[in-house]
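Visitor: Got a structure for you, questions after.
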Ligand code: FES
Ligand code: FES
């Protein structure tokens, strides 16, 4: 069984079946038997009454259409399709009759591991693998029993197929016809699950259920929500938390046509309310709001790098020690030191942050692409002085997230709710692109210093690794859970748990305070740790005159999944036999993150001083592949996202202020720079592991390793292109 | 003032200096056209103005005058149908937020260049950013749509 998941034994108390008002038919709810009434949702855990709508994963309508309630945020990764596939496989329904909608907030929809409703950590499939299939199987058994009862035949004589229950003499009944009767039945205790060899939906590239409406403009994102009487709000905020307000020009804002009012709130925020988004943005810009200096007002990218570099020389917390790296370094006949710099990064999803609120003083309803809806609900309720169940949370499509919408502090929901409390009018609060890039949450800055020692026969003797970086989770509710003995695994993951068999290895970590608020950014610590590990391993290969593939095979000989991935890569590229064409070079990297191993070989050239990545071959071990085409899109997406960051992206601080503003100075990958990507998966029946993020970590080091083959230079400071290039 | 959107004359009251994007979205409630950057940098807001792909964030309603605006909601041609079904077929949309703009740009490319090369696709689509990195599939889908319409 998948160890990501808690045991999900079914019992009557945990599995509510009821009729539904509005959606005639059957509701299946699955309530995890773990202490769900914890932390943030004590209040929300109560309303599981029989007629309550929010307790369902499957709605079967009389016309046999099936609505899957998806308890994860659809932000591009395809959960509305892949999670539906898990249920559909066992339910034996007609795929064409399925649609998916985002679930409301209720404990029944909690993440099976994190016990709050949330999406993240590349865990949607791994944490739902048993749960969702059991939900589908239980439903199927109940439908079969309902048919057998109606026909008065033994259960063993009926089968379920394509949305119908069949009997050789009685004929067939649709699920829609049986739904109500099935709903009154006892829950099967241990519905049999299919063997992988019998899968008809899992492992098949079902078309995305949301593809059509995302191609014809009908899909509704947070930005598109419209409620009666709604006004638009844009909010001026400081770059750093807690900066005191200095001045703003209210008159100038009010002169903008369409501006309704200017509201100061939360001490240092100023909202411009307007008849349309444009007037709100223009009004906010016209405020020319200024905030007072704080102790970080002299902070700059350079000063932070200096601080972090110094920290890598001080004694800090030991993350991992194997053998005796100090002795190894002392005995080394050759030593090598490398220092790496990683900047702040903005997530910059295509849809900037926004939240729509309808608050009348008594109850509230909010709309957004909620990635942590339970927390958002609790936080909104707290601000508005309501009980969580008095805040209806509507989750709509998110125009990307990459970590940003899993805000530690529900930041944009908080702003919108504070404003709603102030003005008590329906409102939509929108970050302009510039607002989205400022005063937000960033991938932290990190510096790595690595020392390698080699003996006189050029064997690797010792590896000492010092990481100084900003915390990802400081100041959040996650800190208590995720920081142990001063160690933050989200900073060292990928180094301290490396699979490379290095005899004398030592890793230390220093957490340094960040003047900007920080957050997980697609693949979190692996965004930088994989880069350092994989480029340093490449240096070891060069130093020991070993082929980079062979070296990895030697150092990973006890890591079978890594070896399988490397084997596939050799097959795809003909590594060792084939070579990159003239003027181009290959680079290799392999890395495990979120329990998935991804290896990539890239083919790169340098054209007018700019790296050009022509091809990427990717091999992936992510357990069972639920939707092969969908899985490939996640690898392609991770490559595009990671390559853009490697080439162009940084958020700079200058005199305590953020420099970048929009897509002209924070460039992203464009179509002409997208490499051709080929993806192959390791064939296995193991449960699925994550794939929203693991495709990202190898791309940058693979490209860097190829670049070294071309120009002999090591890229230690990211991004590669420091200035504007477009 | 009146503007012509998707073949209909519509009266709008927003200030004349308001970009078309916001008149479409906030006044007319046609939210298929998206805001990504507001500065002509991302292509999410692409509409057709007299058949030409145009960034609606960077043109005011005043400037539209008698021009005919077509938005994603008004797309219903052989080309747009081919593009949209190729989009579904090739698993193009991920988050989907950029895709209205992508589809609008792809449709004008195919209307003027029914058999585009990879280079022509890149040139025509370069202004349309996709943070989900759907680019490779966009290329494939445009080629597929191209064979369908010929
Ligand atoms: S919103 Fe118009 S180009 Fe970005
Ligand atoms: S599909 Fe998400 S930005 Fe393009």
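Protein chains in written order, with our numbering: chain D, 270 to 995; chain C, 20 to 169.
Think of the CB as a built atom: it goes at the ideal place given N, C-alpha and C, for glycine as much as any other residue.
Predicted model, so just to flag it, every value in this text is computed and none were measured.
Taking CB distances under 8 Å as the criterion, tell me whether residue 97 of chain C reaches chain D.
Guide: Within the second chain, the letter at position 78 stands for residue 97 of chain C. No - not a single Cβ of chain D is within 8 Å of the one on residue 97 of chain C.
Visitor: Taking the continuous beta strand (DSSP E) assigned at residue 528 of chain D, which residues delimit it?
Guide: Counting from 1 along the first chain, the entry for residue 528 of chain D is found at position 259. Per DSSP, residue 528 of chain D belongs to the beta strand (DSSP E) from 528-534.
Visitor: Hey, how far is the Cα of residue 239 of chain D from the Cα of residue 943 of chain D?
Guide: Residue 239 of chain D lies beyond the range of chain D shown here (270 to 995); nothing can be said about it.
Visitor: For chain C, find out if any of its Cβ atoms is closer than 8 Å to the Cβ of residue 938 of chain D; answer yes or no.
Guide: Position 669 of the first chain, counted from the first residue, corresponds to residue 938 of chain D. At least one chain C Cβ lies under 8 Å of residue 938 of chain D.
Visitor: Relative to the C-alpha of residue 430 of chain D, which residue among D:591, D:362 and D:440 is closest?
Guide: One-based indexing of the first chain puts residue 430 of chain D at position 161. Ranking the options by Cα distance to residue 430 of chain D, first place goes to D:362.
Visitor: Let me know the secondary structure DSSP gives residue 266 of chain D once reduced to three states.
Guide: There is no way to answer for residue 266 of chain D, as the model of chain D reaches only from 270 to 995.
Visitor: Please compile the residues from chain D whose C-beta is within a distance smaller than 7 Å of the C-beta of residue 20 of chain C.
Guide: On the second chain, position 1 is the one that residue 20 of chain C refers to. By Cβ distance, chain D contributes nothing, its closest Cβ being about 14 Å from residue 20 of chain C, past 7 Å.
Visitor: Note down, in chain order, every chain D residue with its Cβ under 7 Å from the Cβ of residue 37 of chain C.
Guide: Position 18 of the second chain, counted from the first residue, corresponds to residue 37 of chain C. Chain D residues near residue 37 of chain C: 545 and 547.
Visitor: Between the C-alpha atoms of residue 863 of chain D and residue 909 of chain D, what's the straight-line distance to the nearest angstrom?
Guide: Position 594 of the first chain, counting from 1, holds the residue named residue 863 of chain D. Position 640 of the first chain, counting from 1, holds the residue named residue 909 of chain D. Residue 863 of chain D and residue 909 of chain D: Cα-Cα distance of roughly 19 Å.
Visitor: Say the cut is 7 Å; is the CB of residue 63 of chain C nearer than that to a heavy atom of ligand 1?
Guide: Here residue 63 of chain C refers to the residue found at position 44 when the second chain is read from its first residue. Indeed, a heavy atom of ligand 1 lies less than 7 Å from the Cβ.
Visitor: Output needed for residue 609 of chain D: all residues of its chain with C-beta closer than 6 Å, excluding positions within five of it in sequence on either side, in chain order.
Guide: Here residue 609 of chain D is taken as the residue at index 340 of the first chain, counted from 1. Within the same chain, residue 609 of chain D has close Cβ partners 717, 801 and 985.
Visitor: Please work out which residues of its chain come closer than 8 Å, Cβ to Cβ, to residue 474 of chain D, disregarding the five sequence neighbours upstream and downstream, and give them in chain order.
Guide: To locate residue 474 of chain D, count along the first chain from 1; it is residue 205. Within the same chain, residue 474 of chain D has close Cβ partners 896, 897, 898 and 899.
Visitor: Taking C-beta pairs closer than 8 Å, name the residues in chain D that residue 183 of chain C reaches, listed in chain order.
Guide: In the structure as shown, chain C starts at 20 and stops at 169, and residue 183 of chain C therefore has no counterpart that could be examined.
Visitor: Return helix, strand or coil for residue 381 of chain D, following the three-state DSSP convention.
Guide: The residue labelled residue 381 of chain D in the question sits at position 112 within the first chain. Residue 381 of chain D falls in the coil class under three-state DSSP.
Visitor: Report whether the distance from the Cβ of residue 347 of chain D to the nearest heavy atom of ligand 2 is below 7 Å.
Guide: Here residue 347 of chain D is taken as the residue at index 78 of the first chain, counted from 1. Not so, every heavy atom of ligand 2 lies at least 7 Å from the Cβ.
Visitor: For residue 937 of chain D, which three-state DSSP category applies?
Guide: Numbered from its first residue, the first chain carries residue 937 of chain D at position 668. Three-state DSSP puts residue 937 of chain D in coil, outside helix and strand.
Visitor: Nearest-angstrom Cα distance between residue 793 of chain D and residue 919 of chain D?
Guide: Locating residue 793 of chain D in the first chain gives position 524, where the first residue counts as 1. Locating residue 919 of chain D in the first chain gives position 650, where the first residue counts as 1. Cα-Cα distance, rounded: 16 Å.
Visitor: Shortest alpha-carbon distance to residue 139 of chain C belongs to which of C:153, C:158 and C:27?
Guide: What you label residue 139 of chain C is simply residue 120 of the second chain in a count that begins at 1. It is C:158.
Visitor: Residues of chain C with a CB under 7 Å from the CB of residue 485 of chain D: which are they?
Guide: To locate residue 485 of chain D, count along the first chain from 1; it is residue 216. Ordered by position in chain C, the residues that pass the 7 Å Cβ test against residue 485 of chain D are 91 and 103.
Visitor: Would you tell me roughly how many angstroms separate the C-alpha atoms of residue 510 of chain D and residue 773 of chain D, rounded to the nearest one?
Guide: Start at 1 with the first residue of the first chain, and residue 510 of chain D comes out as number 241. Start at 1 with the first residue of the first chain, and residue 773 of chain D comes out as number 504. Cα to Cα, residue 510 of chain D sits roughly 42 Å from residue 773 of chain D.
Visitor: Who are residue 636 of chain D's beta bridge partners in DSSP?
Guide: In the first chain, residue 636 of chain D corresponds to position 367, counting from 1. Note: residue 636 of chain D sits in a beta bridge opposite D:625 and D:663.
Visitor: Specify which residues have a beta carbon nearer than 6 Å to any heavy atom of ligand 2, listing them in chain order.
Guide: Selection output, chain order preserved: D:345, D:619, D:669, C:112, C:113, C:114, C:115, C:116, C:117, C:118, C:149, C:150, C:151 and C:153.
Visitor: Can you tell me the Cβ-Cβ gap for residue 740 of chain D and residue 791 of chain D, rounded? I've got them flagged as a contact below 8 Å.
Guide: Looking up residue 740 of chain D in the first chain gives position 471. Looking up residue 791 of chain D in the first chain gives position 522. The Cβ separation is near 18 Å, so there is no contact.
Visitor: I want to know whether the region 518-527 of chain D touches the region 546-560 of chain D - three or more CB-CB distances under 8 Å.
Guide: Yes, they touch.
Visitor: Tell me whether residue 503 of chain D counts as near ligand 1, meaning its Cβ is closer than 7 Å to at least one heavy atom of that ligand.
Guide: On the first chain, position 234 is the one that residue 503 of chain D refers to. No, Cβ of residue 503 of chain D sits at least 7 Å from all heavy atoms of ligand 1.
Visitor: Tell me the residue span of the alpha helix (DSSP H) that contains residue 704 of chain D.
Guide: Here the question's residue 704 of chain D lines up with position 435 in the first chain. 702-706 is the extent of the alpha helix (DSSP H) around residue 704 of chain D.
Visitor: May I have the straight-line CA-CA distance separating residue 23 of chain C from residue 442 of chain D, to the nearest angstrom?
Guide: On the second chain, position 4 is the one that residue 23 of chain C refers to. On the first chain, position 173 is the one that residue 442 of chain D refers to. Taking the straight line joining both Cα atoms gives about 52 Å.
Visitor: Can you give me the Cβ contacts of residue 134 of chain C inside the same chain, cut-off strictly under 8 Å, excluding the 5 residues immediately before and after it?
Guide: Residue 134 of chain C sits at position 115 when you count from the first residue of the second chain. Here the set comprises 165 and 169.
Visitor: So which residues on chain C does residue 931 of chain D lean against when the C-beta distance must stay under 7 Å?
Guide: Residue mapping note: residue 931 of chain D aligns to position 662 of the first chain, counting from 1. In chain order: 56, 58 and 60.
Visitor: How far does the alpha helix (DSSP H) with residue 972 of chain D in it reach, from first residue to last?
Guide: Looking up residue 972 of chain D in the first chain gives position 703. Looking at the DSSP string, the run of the alpha helix (DSSP H) that includes residue 972 of chain D is 968-980.
Visitor: So does the region 482-489 of chain D actually touch the region 677-686 of chain D, counting three or more Cβ pairs closer than 8 Å?
Guide: Output reads no: the region 677-686 of chain D does not touch the region 482-489 of chain D.
Visitor: Taking only beta-carbon atoms, is residue 1017 of chain D less than 8 Å away from chain C?
Guide: An answer regarding residue 1017 of chain D cannot be provided, because it is not within the stretch 270 to 995 covered by chain D.
Visitor: Does chain D have any CB closer than 8 Å to the CB of residue 67 of chain C?
Guide: On the second chain, position 48 is the one that residue 67 of chain C refers to. Residue 67 of chain C does not count as touching chain D.
Visitor: Show which residues of chain D have a CB atom less than 8 Å away from the CB atom of residue 63 of chain C.
Guide: Working through the second chain from its first residue, we reach residue 63 of chain C at position 44. Chain D residues near residue 63 of chain C: 619.
Visitor: Would you check whether ligand 1 has a heavy atom nearer than 7 Å to the C-beta of residue 54 of chain C?
Guide: In the second chain, counting from the first residue as 1, residue 54 of chain C sits at position 35. Yes, the Cβ of residue 54 of chain C comes within 7 Å of a heavy atom of ligand 1.
Visitor: Suppose the cutoff is 6 Å on Cβ atoms and the five residues either side in sequence are ignored; what does the same chain contact list for residue 540 of chain D look like?
Guide: Numbered from its first residue, the first chain carries residue 540 of chain D at position 271. Cβ within range, chain order: 502, 504, 532 and 688.
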